[in-house]
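Engineer: Take a look at the following structure, please.
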Amino acid sequence: MRVKRYRRSKPAVGRRWRRDETDIKIKGQWRYLYRAVDSDGNTVDFLLTAHRDKEAALRFFKKAIRQHGQPDGVTMDKSGANKAAVDELNKEKTKDNDIIIRQNKSLNNLIEQDHRHVKRRTHPMLGFKNFRRAQTVLAGIELVCMLRKGQYRQKEGGPISPAAFFYQLAE
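Each step along the sequence shown adds one to the number in full-length UniProt numbering, with nothing skipped, and position 33 is 33.
Following this line, the structure appears as structure tokens:
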């Protein structure tokens, strides 16, 4: 509920995204947290999936584009599933409206470092026991990270602290 309420008031993100996935252990099996940040390091979106394939990557991109609009370009690692998903999105669009793909590991350092915020919280937990609970906890972790980055602004225009945000939700 908090994440849905936050998403409605989330400000716009940049037009160039960096996209990557990280591993999360659930019931002793590795699952995948797809994440994207813009060129300023602001979180675009995230999605926890059971598989790391074209369908999961496509689902993530469609969700992020539905929320924030189409990016001008996406930087990602050399994963074939990610490129196939963006290629499929580009097939549906005109040539001048294509998403530019950059596959370069060193250009993706921004999101690789951004994974630390999530890993720092999840590593001491030694994994999750339930997929739905993992989704809930990871959504909360991502929300707090976005608040710390200053991605949520009060009506007066200034950034809001995580504590003040949660106090507003309780009112």
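C-beta atoms are modelled at their ideal positions from N, C-alpha and C, and glycine is treated no differently.
Would you mind working out which of Q67, A81, L147, N108 sits nearest D53, comparing C-alpha positions?
Structural biologist: A81
Engineer: Taking H123 as the reference, give the member of L138, V74, I65 with the closest Cα.
Structural biologist: L138
Engineer: I'd like the span of the beta strand (DSSP E) that includes I99, first residue to last.
Structural biologist: Annotation for I99: no beta strand (DSSP E) segment contains it, and DSSP assigns it neither H nor E.
Engineer: Rounded C-beta distance between A36 and A64? I'm assuming under 8 angstroms.
Structural biologist: 6 angstroms
Engineer: What did DSSP end up calling Q67 once you bin it into helix, strand or coil?
Structural biologist: Secondary structure at Q67: helix, using DSSP grouped into helix, strand and coil.
Engineer: Nearest-angstrom Cα distance between K91 and L110?
Structural biologist: 28 angstroms
Engineer: Taking W17 and V86 to be in contact with their CB atoms under 8 angstroms, please state how far apart those CB atoms are, rounded to whole angstroms.
Structural biologist: Actually they are not in contact, since the Cβ atoms of W17 and V86 sit about 10 angstroms apart, beyond 8 angstroms.
Engineer: With the cut-off set at 8 angstroms, would you say R31 and L48 are in Cβ contact?
Structural biologist: yes
Engineer: Around the C-beta of H51, are 16 or more other C-beta atoms found within 10 angstroms, so that it is buried, or is it exposed?
Structural biologist: exposed
Engineer: By a C-beta neighbour count over all protein chains shown, 10 Å radius and 16 as the cutoff for buried, is L168 buried or exposed?
Structural biologist: In the sequence as displayed, the identity of residue 168 is Gln instead of Leu. Exposed is the call here.
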